[in-house]
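The next block holds one structure in the form of structure tokens; read it before the comments.
Numbering (mature numbering (1 follows the signal peptide of the UniProt record, and there is no 0)), first residue to last: -26 to -1, 1 to 145.
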């Protein structure tokens, strides 16, 4: 006659591990081992789905990149507009300042204007002289040291010729 054993704790676990075979999942117990032909059929069956999934992913990635690119282009366009506006404001400010400076030199006595223009660089001084009337410019040049007056006249002439050539080429 068999007497039932009452095992508890670690003893019951050890006995179960020794006596019971390892349990397999229900799928492993039911499915026979896959053959290469079945594997190829499975891969063939999911290939189209995988390609479609890859195409969807690539399409989404391209759409994301395009959205970022359009956003960046919009940012650059805003910056371009801001820079153009700033340049226009700067040009207007310079034009007004230039007109003001020319008006100041026009109201000065020729000897005082000559002393001031002699201290400026040649391009700036010749630009001011070019904006003055011929009578005022000649009176100022007459008061200057002859070498400096010749240099300013030469610079003004070269600038005028260069401007005329650029205008002619742009037409």
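Built from N, CA and C at the ideal position, the CB exists for glycine as well. Keep in mind that this is a model prediction, so the values were computed, not measured.
Which of the three DSSP states is assigned to residue -26 in this structure?
Translated into positions along the chain shown, residue -26 becomes position 1. For residue -26, the pLDDT reaches just 48, beneath the cut-off of 50, and the residue's location in the model is therefore unreliable, although a value from the coordinates is still provided. In this structure, residue -26 counts as coil in the three-state DSSP scheme.
Comparing the CB of residue 135 with every heavy atom of the ligand FMN, is any distance shorter than 6 angstroms?
You won't find the ligand FMN in this model; it holds no ligand whatsoever.
Pull up the CB-CB distance for residue 127 and residue 115, whole angstroms please, since I reckon it's below 8 angstroms.
Numbered from 1 along the chain shown, position 153 holds the residue referred to as residue 127. Numbered from 1 along the chain shown, position 141 holds the residue referred to as residue 115. The pair is a contact, with the Cβ atoms about 7 angstroms apart (cut-off 8 angstroms).
For the segment 73 to 86 against the segment 44 to 55, do three or more pairs of beta-carbon atoms, one drawn from each stretch, fall closer than 8 angstroms, so that the two count as touching?
Because the criterion of three Cβ pairs below 8 angstroms is not met, the segment 73 to 86 and the segment 44 to 55 do not touch.
What residue range does the alpha helix (DSSP H) around residue 98 cover?
By one-based count along the chain shown, residue 98 stands at place 124. Unbroken alpha helix (DSSP H) run through residue 98: 96 to 105.
Residue 53 classed as buried or exposed, judged by whether at least 16 other C-beta atoms fall within 10 angstroms:
Reading the chain shown from its first residue, position 79 is the one you call residue 53. Answer is exposed; the Cβ neighbour count stays below 16.
Reduced DSSP secondary structure (H/G/I, E/B, other) of residue 145:
Counting from one through the chain shown, the residue named residue 145 turns up at place 171. DSSP places residue 145 in coil when its eight states are reduced to three.
If distances are taken between C-alpha atoms only, which option among 120, 140 and 67 comes closest to residue 88?
Residue 88 sits at position 114 when you count from the first residue of the chain shown. The shortest Cα separation from residue 88 among 120, 140 and 67 belongs to 120.
Kindly indicate the opening and closing residues of the alpha helix (DSSP H) around residue 83.
Position 109 of the chain shown holds residue 83. Looking at the DSSP string, residue 83 is not in any alpha helix (DSSP H), and its letter there is neither H nor E.
To which residues of the same chain is residue 41 closer than 8 angstroms at the C-beta, ignoring the five residues directly before and after it?
Here residue 41 is taken as the residue at index 67 of the chain shown, counted from 1. Cβ within range, chain order: n/a, list empty.
Between residue 80 and residue 106, is the Cβ-Cβ spacing less than 7 angstroms?
Here the question's residue 80 lines up with position 106 in the chain shown. Here the question's residue 106 lines up with position 132 in the chain shown. Yes. Within cutoff.
How many whole angstroms separate the CB atoms of residue 103 and residue 94, which I take to be in contact at a CB cut-off of 8 angstroms?
Numbered from its first residue, the chain shown carries residue 103 at position 129. Numbered from its first residue, the chain shown carries residue 94 at position 120. Contact flag wrong, Cβ pair sits at about 10 angstroms.
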